[in-house]
Amino acid sequence: MPPKPHTPCRISPTDKSPEVSMTEKFAGVHWMLATPFHEDESIDTASMANLVDKAVSSGCQGMVCLGVTGEAARLTDRERYQVAETVIQRSEGLAVTVGATAGSTAAAIERSKEAQKLGATAVMVSPPPMGKPNPDAVFAHYSRLADAIDLPIVVQDYPSTSGVHMSPDFIAGLSSSVPAVQYLKLEDPPTPPKISAIRKLVGDEMPIFGGLGGMYLLEELARGSAGAMTGFAYPEVLVDICRQMAEGDRAKAEELFNRCLPLMLFEFQEGIGVGIRKYALQSRGLIKNSNVRHPGPNPNDETKGEFHRLVEAVGLSSM
Numbered sequence: 010m011p012p013k014p015h016t017p018c019r020i021s022p023t024d025k026s027p028e029v030s031m032t033e034k035f036a037g038v039h040w041m042l043a044t045p046f047h048e049d050e051s052i053d054t055a056s057m058a059n060l061v062d063k064a065v066s067s068g069c070q071g072m073v074c075l076g077v078t079g080e081a082a083r084l085t086d087r088e089r090y091q092v093a094e095t096v097i098q099r100s101e102g103l104a105v106t107v108g109a110t111a112g113s114t115a116a117a118i119e120r121s122k123e124a125q126k127l128g129a130t131a132v133m134v135s136p137p138p139m140g141k142p143n144p145d146a147v148f149a150h151y152s153r154l155a156d157a158i159d160l161p162i163v164v165q166d167y168p169s170t171s172g173v174h175m176s177p178d179f180i181a182g183l184s185s186s187v188p189a190v191q192y193l194k195l196e197d198p199p200t201p202p203k204i205s206a207i208r209k210l211v212g213d214e215m216p217i218f219g220g221l222g223g224m225y226l227l228e229e230l231a232r233g234s235a236g237a238m239t240g241f242a243y244p245e246v247l248v249d250i251c252r253q254m255a256e257g258d259r260a261k262a263e264e265l266f267n268r269c270l271p272l273m274l275f276e277f278q279e280g281i282g283v284g285i286r287k288y289a290l291q292s293r294g295l296i297k298n299s300n301v302r303h304p305g306p307n308p309n310d311e312t313k314g315e316f317h318r319l320v321e322a323v324g325l326s327s328m
């Protein structure tokens, strides 16, 4: 029989240890942080600090910087360091996962070592792009990375951006063979059945986090996910859904999730999702400027109007 779903969000809000050992696990909502820019596209560290403070005040168990939401691919190496340093220094002891995805193993190792020196709790790494499927090369990528650092690794399974598909069997084998591979951020839809397939193989040994803007959060939690790693602009909603599910109040979690789902879907539109999300953060007063770094697209006035109508419709206009 498959293992029973473990209780998601199992870390209490008062547990703010700055380090997670290789034998401990974290769960709950780990908010994916956007990277705010000034009008001249330089990093806005004051707005970055505001986002960190929001993660803390919303009850998140951690935060993640330098992911897709953080426009990591559009940042210079110096800017990546600046963002990670700002987030870690401001984190008040919450777990900070730093994105270290790169096109080569050597570059991923260098970025991960830098994150470790800054005091990161973990690194998140997606497989490097492959011309053809090559599971052995992907396995070696993570194995070599694990040998080079002393941090837990979050494997990001997001084939729409990496171009690499990883089967449940491959992920389970990676988890059992490379001890540092401790977490999975699963963004390969349909996510609920893949969560079940992986958990049937590894049980609770590899906590799985949902992403994809929170679109499948309720079903993922019901299948035994540990929580969410996503950047939905209302993290307190994600925290409430996780808490309600952990407390066994699925009806209440379902009501909140279903009410907010239209906004989650609107925010996660392919191509312009980061721009909508940053506009949402600006509308909430969390960042000063919502611009996506060129050549990324920004929402037009009509899209902004649609966003505000949706926020009103789902009852979040006062937040």
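Those letters in the sequence shown? Residues 10 to 328, per our numbering, in order. Each residue gets a CB set at the ideal place from its N, CA and C atoms; glycine is no exception.
| query | result |
| --- | --- |
| Take ALA115 as the anchor and find which of VAL134, ILE97, LYS126 and ALA104 has the nearest alpha-carbon. | VAL134 |
| Let me confirm a value: LYS141 is counted as buried when at least 16 other C-beta atoms fall within 10 Å, else exposed. Which label applies? | exposed |
| Is it true that the CB of VAL132 sits closer than 7 Å to the CB of VAL164? | no |
| Between ASP86, MET72, GLY79 and ALA117, which lies nearest to SER100 when the distance is taken from Cα to Cα? | MET72 |
| If you reduce the DSSP assignment to three classes, tell me which class HIS39 lands in. | strand |
| State buried or exposed for GLU80, treating a residue as buried only when at least 16 other CB atoms are found within 10 Å of its CB. | buried |
| Within this structure, are the beta carbons of ILE250 and LEU265 separated by less than 7 Å? | yes |
| Name the DSSP beta bridge partners of LEU193, please? | VAL164 and ILE217 |
| Whose C-beta lies closer than 7 Å to the C-beta of PHE46 among residues of the same chain, with five residues either side of it excluded? | ILE52, ASP53, ASN298, ASN300 and ARG302 |
| To the nearest angstrom, how far is it from the Cα of THR95 to the Cα of GLY108? | 14 Å |
| What residue ranges within the segment 94-175 form continuous alpha helix (DSSP H) runs of no fewer than 4 residues, ordered along the chain? | 114-127, 144-157 and 168-171 |
| Within 10 angstroms of its Cβ, does GLN70 collect 16 or more other Cβ (buried), or is it exposed? | buried |
| What would DSSP say about MET72, mapped onto helix, strand or coil? | strand |
| Is ALA237 helix, strand or coil when you go by DSSP? | strand |
| Return the CA-CA distance between GLU50 and ASP156, expressed in angstroms with no decimal places. | 36 Å |
| Have a look at TYR288 and LYS313 and give me their C-alpha separation to the nearest angstrom. | 8 Å |
| Is it true that the segment 206-219 meets the segment 171-183, where meeting means three or more beta-carbon pairs spaced less than 8 Å apart? | yes |
| Just to confirm my understanding: we take GLY324, look at its own chain, exclude 5 residues before and 5 after, and list those with CB closer than 7 Å. What are they? | ARG268 |
| Give me the Cβ distance between THR44 and LEU84, rounded to the nearest whole Å; I'm assuming they're in contact under 8 Å. | 7 Å |
| Let me make sure I understand the geometry here. Which of PRO144, PRO138 and VAL105 has the alpha-carbon closest to that of LYS126? | VAL105 |
| Do you know how far the Cα of GLU214 is from the Cα of ARG286? | 33 Å |
| In terms of alpha-carbon separation, which member of TYR243, LEU226, PHE241 and ALA242 lies closest to ALA235? | LEU226 |
| Please state whether DSSP places ILE285 in a helix, a strand or coil. | helix |
| For a test of the three-state rule: what should DSSP assign to PHE46, helix, strand or coil? | strand |
| How is ILE52 classed by DSSP in three states: helix, strand or coil? | strand |
| For ARG3, does the three-state DSSP call read helix, strand or coil? | This structure cannot speak to residue 3, because the chain is shown only from 10 to 328. |
| For ILE97, I'd like the list of residues in its chain whose CB is within less than 7 Å of its CB, leaving aside the five on either flank, ordered along the chain. | VAL105, LEU127, GLY128 and ALA129 |
| Helix, strand or coil: how does DSSP classify LEU84 here? | coil |
| Excluding the five sequence neighbours on either side, which residues of its own chain have a C-beta within less than 8 Å of the C-beta of ALA124, listed in chain order? | ALA93, VAL107, ALA109, VAL132 and LEU160 |
| Classify THR78 as helix, strand or coil using the three-state DSSP reduction. | coil |
| In three-state DSSP terms, what is HIS303? | coil |
| Would you mind working out which of ASP258, PRO308 and ARG259 sits nearest ILE281, comparing C-alpha positions? | PRO308 |
| Write down the C-beta distance between VAL187 and MET139 rounded to the nearest angstrom, noting that I regard them as a contact closer than 8 Å. | Rounded, the Cβ-Cβ distance is 18 Å, inconsistent with contact. |
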